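Novice: Structure incoming, see below.
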Amino acid sequence: MSAIKKGRGRPAIGETKKISVTTTADIWEKIDKQGLNRSQFFSKAAEFYLKNHDKAK
Numbered sequence: 015m016s017a018i019k020k021g022r023g024r025p026a027i028g029e030t031k032k033i034s035v036t037t038t039a040d041i042w043e044k045i046d047k048q049g050l051n052r053s054q055f056f057s058k059a060a061e062f063y064l065k066n067h068d069k070a071k
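Throughout the sequence shown, residue numbering follows our numbering, covering 15 to 71 in sequence.
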């Protein structure tokens, strides 16, 4: 029998890194009003930034 177990839930879409972000309360409020959880917000923000500021172009 294989030692690999079938995972539960959604399949992973990438690698997870833990970060800590410090900003003002008003910025957190604006982030929280975007309709995304904070993880989704920062993932999308990183993708947007890298798409528009790619130094490898």
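No residue lacks a Cβ here, since even glycine has one placed at the ideal position from N, Cα and C.
Bear in mind the structure is a predicted one, so any value in this text is a computation, not a measurement.
Can you list, in chain order, the residues of its chain with a C-beta nearer than 8 Å to that of Gln48? Leave out the 5 residues immediately preceding and following it.
Specialist: The count along the sequence shown starts at 1 and reaches residue 48 at position 34. Only Phe55 meet the Cβ criterion.
Novice: Going by C-alpha to C-alpha distance, which of Arg52, Lys31 and Lys32 sits closest to Ile41?
Specialist: Counting from one through the sequence shown, the residue named residue 41 turns up at place 27. When each option's Cα is compared against that of Ile41, the closest is Arg52.
Novice: Alpha carbon to alpha carbon, what distance is there between Glu43 and Ile27?
Specialist: In the sequence shown, the residue the question calls residue 27 occupies position 13. In the sequence shown, the residue the question calls residue 43 occupies position 29. Rounded to whole angstroms, Ile27 to Glu43 spans 27 Å at the Cα level.
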